[in-house]
Amino acid sequence: MNFETSVSGFYDNAYITQPYDINFENVPEEERPFYFNPGKQKLQHNFGTGPYLVFNHNNVVTVNYEIPLNNQFGAGGLYIGSSLLF
Numbered sequence: 175m176n177f178e179t180s181v182s183g184f185y186d187n188a189y190i191t192q193p194y195d196i197n198f199e200n201v202p203e204e205e206r207p208f209y210f211n212p213g214k215q216k217l218q219h220n221f222g223t224g225p226y227l228v229f230n231h232n233n234v235v236t237v238n239y240e241i242p243l244n245n246q247f248g249a250g251g252l253y254i255g256s257s258l259l260f
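See below:
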């Protein structure tokens, strides 16, 4: 078996194009401005990093952690992937 490892950094962005309705019933009034923005959507920017483990030149396992630049989109996200390269 042949193993290789690497670390990669990345940047991505997203834009929500579909309008959505939110039920604010269980969200306290004083916390709504922190989590929700009633204004027009803006481009969401994220960045992250993660290790890549490659074995036998074609099996790839990744673990990436992404952090949004705007805290209204959460604290971050963990993405775990596995793929085969041919």
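Residue numbers (the numbering used here): 175 to 260. Every residue gets a Cβ at the ideal spot worked out from N, C-alpha and C, and that includes glycine. These numbers were taken from a predicted model, which means no experiment stands behind them.
Query	Result
Closest by C-alpha distance to Q246, when choosing among M175, P207, L252, V234	P207
Residues that DSSP places opposite I241 in a beta bridge	F221
G222 beta carbon less than 8 Å from that of I241	yes
DSSP-derived helix/strand/coil call for E199	coil
Which listed residue (Y185, Y189, F184, F210) has its alpha carbon closest to that of K216	Y189
Residue from N232, N197, G224, N211 with nearest C-alpha to F177	N232
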